[in-house]
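Chains A and B, in that order, give the protein sequences.
When we follow the working numbering, the leftmost residue of the first sequence carries the number 1101, and every step to the right adds one.
When we follow the working numbering, the leftmost residue of the second sequence carries the number 11, and every step to the right adds one.
All remarks here apply to the structure that follows.
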Amino acid sequence: MPTYKLSYFDLRGRGELARLVFKAAQRDFEDDRVQREDWPTLKASTPFGQMPVLDVDGKKLAQSNTISRFLAREFNLAGKDSFEQAQCDQYLELVEDMFKEFAKAFFEKDEEKKKEINKNLSEVVFPKFLGLFEKALEANGGSFLVGNSLSLADLGVYNGFDTPLQQNPKMMDSYPKLKALRSRIEGMPTIGDYLKNRKVSDI
Amino acid sequence: CTDFSNHSPLLKIATMPSYKLYYFDVRGRGELIRYVFLAAGKEFDDIRFTSEVWKEHKPKAPYGQAPFLEIDGKPLAQSNTIARYLAREFGLAGKDSWEQAKIDELLDLSEDMFKEVGKPIFEKDEEKKKELLKNLTDVVYPKFVQLFEKSLTANGGKFFVGNELTLGDLAVYCAFDTPLKSSPNLMDDCPNLKAQRSMVEGLPKLAAYLKTRKDSHI
C-alpha cells in the first residue's frame, strides 16, 4: 500500500476535494495542514510553487483536480470505465466553471461591482448550475451523478457548493435530489464523521 | 452486402466509433481536441460553425456550450474532458495511472495560464487592457514558460511525460499558440520547450494541418 501525504493550508479551499476522496474511500493519509508562516520555506520544494501537493511514496503530484482524479482512479471512485471516467471529469469541470464565477465576487474589491457580481451569482449563476446538476441526477436515476454508486462527480459537486451554502444555507431548498445527495454523503461512514466534525473555514 | 449485425461480437469490436466534434471555426477551446485526433491519425467530423449557426446546434450540446463531442451519437462536453477521453482511447494518455496524472498536471497548469490569457481579451476598459497585456508579457508568460521548461527538462527534455508523444505534449503546444502570436520571443530562454514545439510541428500528421490552417485571433 502506498503512503499518501496531502499538503495544503488549514482550510477547505483547493485541498478539500482530495481530503473528501480519501475519506469516502476510507483510506489513510497524512493530512499535512501547512501554516501560513511555514509556506514560504516549503514553496520551493513543490512542483509548481503551489499547493495542494500530493506525495505518493516520495513522488509528488500537483494541481487540485489532477490529485483528486488520480486518487479517485486509485480508489475506484472514477466510474467503471473510460466513458464514466469522462463523465466524472465533465462534472469536475462544470464545478470549476461555477467556481470561476464565484471567485469573481471573492476577488472584486469595488463594492458596487461586488454587489452586481453577487446579484448575478444568486439570480443567474447558481440557479443555472443547481438546475443543471439536479437535472443530471434525475436523468441518471436520482441517486448519483455517474453510474450506480458514489463517484468523484458526487464529491466534486458536494465540495463545490460548500462555500456557497455557507453563505446562503437555503440555496438548495428547491433542488430535492441535490439536497438528498448531500445528506446521503453526510450519512456515509468515515466521510460522514469527517464532515460533521471538520472545523469551519470561510473558503 | 451481407448484414453482419447479428454475427460474431468480434466484428462489432472491430468497428470504429464515429466521432463528431462541434465547435466554432477558431482554435479556442476546440483546437487541442483536433490535435488529438490528428496526432492519433483518427478520423473525425470537424464540424465548425459561426455564432449564427451555433444556435441550431446548441440544443444538442449537453450543457449548452461548445465544444462538445458526439461518440456514436453519445454526447460528451467540456474541452479538457473530451481531450482526456480521446487520449485514453487512442493511447496518448501515458502508460499507467501515474503518467495519466502527470499529463493531467500539464492540462491543469495550461488552464491556469489560459485564465490569465483570457483576461485582456475580455477587458473592455482600454487602460486596464493595456495593464493586463503588460502583466501577461512581463509576469505571466515568463512564469509559465519557466515552469513548463523545468517540467520538460526534468523528464529528459524531449517529451513531457514518459518516452513518447502524449496529450501532455499536445496540450502545452496548444497552450502557447495564442501567447506566441503577441509574444513571439517568449520561449527564447527555454531551449527544450522551443525544441519540443518544433518536434510537435514536425509530426507528419500535424504538419500539413498546421501549414494550411487559417489564422484565428484566439
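Note that beta-carbon positions come from the ideal geometry of N, C-alpha and C, so glycine has one too.
Classify residue i as helix, strand or coil using the three-state DSSP reduction.
{"i": "Ala87/B", "result": "strand"}
{"i": "Leu196/B", "result": "coil"}
{"i": "Arg44/B", "result": "helix"}
{"i": "Phe59/B", "result": "strand"}
{"i": "Val150/B", "result": "helix"}
{"i": "Tyr73/B", "result": "coil"}
{"i": "Ala103/B", "result": "coil"}
{"i": "Asp225/B", "result": "coil"}
{"i": "Cys11/B", "result": "Because the pLDDT of Cys11/B is 49, which lies under 50, any placement of that residue in the model is unreliable, and the number read from its coordinates should be weighed accordingly. Three-state DSSP puts Cys11/B in coil, outside helix and strand."}
{"i": "Val1156/A", "result": "strand"}
{"i": "Leu1161/A", "result": "strand"}
{"i": "Asp243/B", "result": "Outside the modelled stretch of chain B, which goes from 11 to 228, sits residue 243/B, for which no answer is possible."}
{"i": "Asp1310/A", "result": "The requested residue 1310/A is not part of the displayed model; chain A covers only 1101 to 1303."}
{"i": "Lys1296/A", "result": "helix"}
{"i": "Tyr174/B", "result": "The displayed chain sequence assigns Glu, not Tyr, to residue 174/B. Coil at Glu174/B, not helix or strand."}
{"i": "Asp1262/A", "result": "helix"}
{"i": "Asn1176/A", "result": "coil"}
{"i": "Gln110/B", "result": "helix"}
{"i": "Glu1193/A", "result": "helix"}
{"i": "Asp1254/A", "result": "helix"}
{"i": "Leu1245/A", "result": "coil"}
{"i": "Thr25/B", "result": "coil"}
{"i": "Pro1147/A", "result": "coil"}
{"i": "Glu1137/A", "result": "helix"}
{"i": "Thr188/B", "result": "helix"}
{"i": "Leu213/B", "result": "coil"}
{"i": "Phe1202/A", "result": "helix"}
{"i": "Thr163/B", "result": "helix"}
{"i": "Ser1168/A", "result": "helix"}
{"i": "Arg94/B", "result": "helix"}
{"i": "Ser208/B", "result": "helix"}
{"i": "Ser1301/A", "result": "coil"}
If I follow the unbroken alpha helix (DSSP H) through residue i, where does it start and stop?
{"i": "Ala1308/A", "result": "There is no way to answer for residue 1308/A, as the model of chain A reaches only from 1101 to 1303."}
{"i": "Arg1284/A", "result": "1276 to 1286"}
{"i": "Val182/B", "result": "177 to 185"}
{"i": "Leu1221/A", "result": "That residue, Leu1221/A, is in no alpha helix (DSSP H); it is neither H nor E in DSSP."}
{"i": "Lys139/B", "result": "136 to 145"}
State the start and end residues of the unbroken beta strand (DSSP E) segment that holds residue i.
{"i": "Ser1107/A", "result": "1104 to 1109"}
{"i": "Phe78/B", "result": "78 to 81"}
{"i": "Phe34/B", "result": "29 to 34"}
Among the options, which residue has its Cα nearest to the Cα of residue i?
{"i": "Leu175/B", "options": "Arg39/B, Leu48/B, Ser28/B", "result": "Leu48/B"}
{"i": "Leu1194/A", "options": "Gly1115/A, Pro1289/A, Leu1252/A, Phe1206/A", "result": "Leu1252/A"}
{"i": "Met1198/A", "options": "Glu1137/A, Asp1138/A, Gly1260/A, Thr1141/A", "result": "Gly1260/A"}
{"i": "Gly1113/A", "options": "Asn1218/A, Glu1196/A, Pro1147/A", "result": "Glu1196/A"}
{"i": "Ser208/B", "options": "Ile228/B, Ser226/B, Gly167/B, Ser192/B", "result": "Gly167/B"}
{"i": "Asp179/B", "options": "Lys84/B, Glu159/B, Arg37/B, Ser193/B", "result": "Glu159/B"}
{"i": "Glu126/B", "options": "Val63/B, Thr188/B, Val210/B, Lys105/B", "result": "Thr188/B"}
{"i": "Thr147/B", "options": "Leu162/B, Asp135/B, Pro130/B, Glu136/B", "result": "Pro130/B"}
{"i": "Val1121/A", "options": "Leu1255/A, Glu1234/A, Glu1184/A", "result": "Leu1255/A"}
{"i": "Gly38/B", "options": "Glu62/B, Ala76/B, His67/B", "result": "Ala76/B"}
{"i": "Arg1162/A", "options": "Leu1177/A, Phe1175/A, Ser1145/A, Glu1174/A", "result": "According to the sequence shown, residue 1162/A is Ala rather than Arg. Here the closest residue by C-alpha is Ser1145/A."}
{"i": "Arg1127/A", "options": "Ala1118/A, Arg1133/A, Val1134/A, Gln1135/A", "result": "Ala1118/A"}
{"i": "Thr91/B", "options": "Leu213/B, Asp55/B, Ile113/B, Lys65/B", "result": "Ile113/B"}
{"i": "Phe124/B", "options": "Ser89/B, Gly83/B, Lys140/B, Glu99/B", "result": "Ser89/B"}
Can we count residue i as close to the ligand HEM, meaning its CB is less than 7 Å from some heavy atom?
{"i": "Gln1126/A", "result": "Summarising the ligand content, the structure contains no ligands, and the ligand HEM is consequently not present."}
Exercise. For the stretch 85 to 98 of chain B, which residues have a beta carbon sitting closer than 7 Å to at least one beta carbon of chain A?
Worked result: Hits within the stretch, in order: Leu86, Ala87, Gln88, Asn90, Thr91, Arg94, Tyr95, Arg98.
Problem set entry | Within 7 Å of chain B by C-beta, residues of the stretch 1150 to 1166 of chain A in sequence order | Sequence-ordered contacts of the stretch 1150 to 1166 of chain A with chain B read Leu1161, Ala1162, Gln1163, Asn1165, Thr1166 [C-beta pairs closer than 7 Å].
Exercise. Just by C-beta distance, which residues in the stretch 22 to 51 of chain B are closer than 7 Å to chain A?
Worked result: Residues passing the 7 Å Cβ filter: none.
Exercise. Between the stretch 114 to 126 of chain B and chain A, which residues of the former have a C-beta closer than 7 Å to a C-beta of the latter?
Worked result: So the list reads Asp114, Glu115, Asp118, Leu119, given in the order they occur along the chain.
Exercise. Of the residues that make up the stretch 67 to 85 of chain B, which ones have a beta carbon closer than 7 Å to any beta carbon in chain A?
Worked result: So the close ones are Tyr73.
Exercise. Any residues in the stretch 1209 to 1237 of chain A with a beta carbon nearer than 7 Å to a beta carbon of chain B? Which ones, in chain order?
Worked result: For chain B, the residues of the stretch 1209 to 1237 of chain A that bring a beta carbon within less than 7 Å of one of its beta carbons are Leu1232, in chain order.
For this session: Check each residue of the stretch 1186 to 1198 of chain A: if its Cβ is closer than 7 Å to any Cβ of chain B, include it; give the result in chain order.
Result: Among the residues of the stretch 1186 to 1198 of chain A, those with a Cβ less than 7 Å away from any Cβ of chain B are Ala1186, Asp1189, Gln1190, Glu1193, Leu1194, in the order of the chain.
Problem set entry | Near-chain B residues of the stretch 1121 to 1134 of chain A - C-beta to any C-beta below 9 Å | Residues: none.
Exercise. Got a sec: which bits of the stretch 147 to 168 of chain B sit with their beta carbon under 8 Å from any beta carbon on chain A, in order along the chain?
Worked result: Listed by position, the residues of the stretch 147 to 168 of chain B near chain A (Cβ gap below 8 Å) are Leu157, Ser161.
Exercise. Which residues, taken in chain order from the stretch 1173 to 1184 of chain A, show a beta carbon closer than 9 Å to some beta carbon of chain B?
Worked result: From the stretch 1173 to 1184 of chain A, only Arg1173, Glu1174, Ser1182, Phe1183 have a Cβ closer than 9 Å to chain B.
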